[in-house]
Amino acid sequence: MAGVATPVVNRRDLDFLLFEWLRLEELLERPRFSDHAAEEIRSIVQLVERVAEQELAPHLRASDLDEPRLDPEGQVRVLPDVARAVRTIAEAGIFGSAFDTDLGGSQLPNLVHVACLGLLMGGSISASSFMLLTVANARLIVTYGTPRQITAFAQPQVAGSTLGTMCLSEPHAGSSLADIRTRAVADGEDEFGPRYRLFGAKMWISAGDHDVTDNIVHLVLAKTEGPDGMLAEGTRGASLFIVPKVLPDGSRNDIVVAGLNHKMGYRALPNCALNFGEGATRPFGQGGAVGWRVGDVGQGLPQMFQMMNEARISVGLGGAMLAYRGYLLSLDYARNRVQGRPPGVHAGEQVAIIQHADVRRMLLAQKCYAEGALALVLYCARLLDEAETAPSAEARAAAANLLSLLTPVTKSWPSEWAQISLHHAIQIHGGAGYTRDFDVELLYRDNRLNPIHEGTTGIQAIDLVGRKIRRDRGEGFQNLLRPRIEATLRGARSAPGLEREANALQRVWTDISQAVTKLQQGEAQDALAHATAFLEALGHGVVGWLWLDQAVLCRDATLHERGRPDASFRAGKLRACRYFSEFELPKIAGWLAPLMAGARVVMDAPPEEFVGD
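Mapping of the sequence shown onto our numbering: position 600 corresponds to residue 629, and the numbering continues sequentially without gaps.
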């Protein structure tokens, strides 16, 4: 029931993914991470796990019921327990885990940072998102900012004494960032760089205001004026600005909370409408929010994509951890809830519902979705470490290229399939799962945001097909297929008992490869009509590959070290791989069929047919 302590993850599984499958200790041998040892990493993970289970999880229900509020003075107040928990995370040094030591960070691998963030999300995804946004904000400033900007605005975020946001969307524009109207008017230059006054309104700003920390650093996308005094059309002229809530001299900046958005889930994290400079009609010189440009004029969107891509992987991580927590709750409930008897038995004691076939089916599905999603996100975190620290330039470029391909998959697949997994969690709980006495309904509502924010599933599909498959000619796809998937298939065929799974995976990747060719040859609009279905198919293919890759490792260990104490754990991995192969991979053919048949029913449907007149 709600309030009862449950783990946020199966720690044995997390250790397997980090140390055995992704070979974290090999990373620790590289110069950047050589000050750290495996036992230290285990201790850090244990600390973060304790924070998640003792500081975040106990307040999950209270933070859902007691939403942030806007007080009469215009200050957003969050649940005090949430504020204390976020400060505890900061005091533990977790904000700075992946940053350089000379910035006040711990210089840990991104793989460790993502694992730690995931543990916190398992405790409370909305409360841990304060850290998610802040880390992404600080990374961007460290990458593109001046030394003075880094010292003044990034390092306090690394320490967690200041939190950060990203301010892109506007009420009229949504995801269409070419249509933003926030204006940045030049106002000289000082020690922090080119200074501007900003006028405009931003919408859907997570952590846009709160009382967790005294200061908040907003990264705001705004347009500067062209030579004709007009704002540039499209994304040209869009630049990025550091706009703090409290200015370096201690005065309050001209930023006003216009209102709070009341959400279905993620309720511990305030979501705000913000006005900068109280609107664009005020004459220059009589207000405006003070901000400093990051980098060059017109580079705001490319810069912001670094933050957005990091956030997209983190959104996928959130989906994975909500699915994982829901799976553990379902498993606990199914093992303890006594109801019914086996088929043909009409008397005697009732059995735990885990004995019923349909419950086992749903638990296996949850296990595949939750553990598969976590494996996908951690694999991408490992790719980021490869892109930054691999010994050769060729290896770094290949990792970056593959990470680019997988980013839309990593954002969307865990988000979408976590919702299915949590659907199963509620179903296993029966009527009780539909009540607030159990947390699975809360997790279900929390996850529903993940397919939307930081780019909807449809936007991820456009990115995948429009950019990664068509514009880049599928280079990343070939980088995935040839050396990586084929290596797993070879390993599976040499491991007795996995031949059937290997053959099934080979068939679906042949189908996916043919679909890639079809997408590259057709018209852009036709390709985009099938983009979301292709994204689903590719996601399932990738997760199926990752399951088989783990199964090879488990099979090898089982063959060479009989009588292992974790035999059931490894057998469970093999069982999940088999389930994914038999129940999930066949879905790919259905997603690809309309594309391969050249179906135009979507493109040919005129808008008036939807009206029904």
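Don't be surprised by glycine CBs; every beta carbon is placed ideally from N, CA and C. A quick note: this is a predicted structure, and the numbers were derived from the prediction, not measured.
Closer than 7 Å: residue i CB and nearest the ligand MN heavy atom
i: Ala318; result: What this structure holds is no ligand at all, so the ligand MN is not there to describe.
Contacting residues, own chain, Cβ-Cβ under 7 Å from residue i (five flanking each side not counted)
i: Val77; result: Ile123, Cys145, Leu148 and Leu149
i: Ala410; result: Asn139, Leu140 and Val143
i: Val42; result: The sequence shown places Asp at residue 42, rather than the Val named in the question. For Asp42, where only same-chain residues beyond five positions count, the Cβ hits under 7 Å are Glu400.
i: Ala419; result: Arg425 and Ala428
i: Gly348; result: Ala402, Pro443, Ser444, Ala447, Asn476 and Asn479
i: Glu638; result: none
Cβ-based neighbour list, residue i, same chain, cut-off 6 Å, excluding 5 preceding and 5 following
i: Asp110; result: His88
i: Phe313; result: With a pLDDT of 47 at Phe313, under the threshold of 50, the modelled position of that residue is not reliable, and no figure is offered here.
i: Gly308; result: Unreliable positioning characterises Gly308 in this predicted model, as indicated by a pLDDT of 45, which lies under 50. The coordinate reading is nonetheless provided below. Once the five neighbours on either side are set aside, Gly308 has no close Cβ partner at all.
i: Tyr398; result: Ala352, Trp446 and Ser450
i: Glu650; result: Since the first and last residues shown for the chain are 30 and 642, residue 650 lies out of range.
Status (buried if at least 16 other CB within 10 Å, exposed otherwise) for residue i
i: Asp100; result: exposed
i: Glu68; result: exposed
i: Leu46; result: buried
i: Arg212; result: buried
i: Thr180; result: exposed
i: Ala533; result: buried
i: Leu94; result: exposed
i: Ala516; result: exposed
i: Val367; result: exposed
i: Glu552; result: exposed
i: Val654; result: Shown here, the chain extends from 30 to 642; a query on residue 654 therefore has no answer.
Residue i: first and last residue of the uninterrupted beta strand (DSSP E) it sits in
i: Glu218; result: Arg212 to Asp219
i: Val246; result: Ile245 to Thr253
i: Gly150; result: According to the sequence provided, residue 150 is Met. The question's Gly does not apply to it. Note, Met150: premise wrong, no beta strand (DSSP E); alpha helix (DSSP H) at Asn139 to Gly152.
i: Ile271; result: Ala267 to Pro273
i: Pro623; result: Element bounds for Pro623: not the beta strand (DSSP E) but the alpha helix (DSSP H), Lys616 to Met625.
i: Thr117; result: Segment Pro109 to Glu120 is the alpha helix (DSSP H) holding Thr117; no beta strand (DSSP E) there.
i: Leu192; result: Leu192 to Cys196
i: Ser4; result: Because the chain spans 30 through 642 in this model, residue 4 falls outside it and cannot be assessed.
i: Leu303; result: Asn300 to Phe305
Selected residue, minimal CA-CA separation from residue i, among the options
i: Leu432; options: Glu504, Arg370 and Gln395; result: Glu504
i: Gly686; options: Glu378, Ala230, Thr253 and Phe270; result: No information on residue 686 is available, as it lies outside the stretch 30 to 642 that the chain covers here.
i: Gly316; options: Ala119, Tyr225 and Glu565; result: Tyr225
i: Ala605; options: Thr175, Cys196, Glu565 and Arg390; result: Arg390
i: Met160; options: Pro512, Val187 and Ser72; result: Val187
i: Asp585; options: Glu483, Leu527 and Gly279; result: Leu527
i: Leu289; options: Gly279, Leu303 and Leu276; result: Leu303
i: Gln395; options: Arg212, Gln379 and Glu445; result: Glu445
i: Arg106; options: Pro437, Pro256, Asp243 and Phe270; result: Asp243
i: Trp620; options: Trp574, Val640, Glu565 and Leu575; result: Glu565
i: Met632; options: Leu557, Phe563, Val344 and Cys583; result: Leu557
i: Val241; options: Asp95, Leu53 and Ala119; result: Ala119
i: Arg59; options: Glu417, Arg502 and Thr517; result: Glu417
i: Arg296; options: Val640, Phe563, Arg98 and Ala66; result: Arg98
i: Val319; options: Gly306, Pro331 and Thr486; result: Gly306
i: Ala114; options: Ser92, Ala127, Glu102 and Asp131; result: Ser92
i: Glu84; options: Ser153, Trp574 and Thr130; result: Ser153
i: Trp321; options: Glu220, Leu51 and Pro331; result: Glu220
Residue i, enclosing alpha helix (DSSP H) - first and last residue
i: Asn282; result: It is not in any alpha helix (DSSP H) - Asn282 carries neither H nor E in the DSSP assignment.
i: Ser597; result: Ala596 to Tyr608
i: Ser450; result: Ala422 to His458
i: Thr517; result: Glu515 to Arg522
i: Leu43; result: Arg40 to Asp44
i: Ser72; result: Ala67 to Val80
i: Ala188; result: Gln184 to Ala188
i: Ala91; result: Leu89 to Leu94
i: Glu55; result: Leu53 to Leu56
Chain-order list of residues whose beta-carbon lies under 8 Å from that of residue i (same chain, five-residue window excluded)
i: Gln456; result: Met391 and Gly462
i: Ser359; result: Met391, Leu392, Gln395, His453, Ala454, Ile457, His458 and Val469
Q.
Please give me, in chain order, every unbroken run of the alpha helix (DSSP H) with length at least 4 that falls completely inside the region 323 to 400.
A. Listed in chain order, they are 329 to 365.
(Q) Restricting to runs no shorter than 4 residues, where is the alpha helix (DSSP H) found entirely within the region 462 to 507? (A) Complete alpha helix (DSSP H) runs here, min 4: 469 to 476 and 486 to 491.
Q: Would you mind listing the beta strand (DSSP E) stretches within the region 537 to 584 that are 3+ residues and don't spill past its ends, in chain order?
A: Entirely contained in the region 537 to 584, not one beta strand (DSSP E) run reaches 3 residues.
Q: Output the residue ranges of the beta strand (DSSP E) runs that lie fully inside the region 155 to 181 and measure 3 residues or longer, sorted by chain position.
A: The DSSP assignment places no complete run of the beta strand (DSSP E) inside the region 155 to 181 (cut-off: 3 residues).
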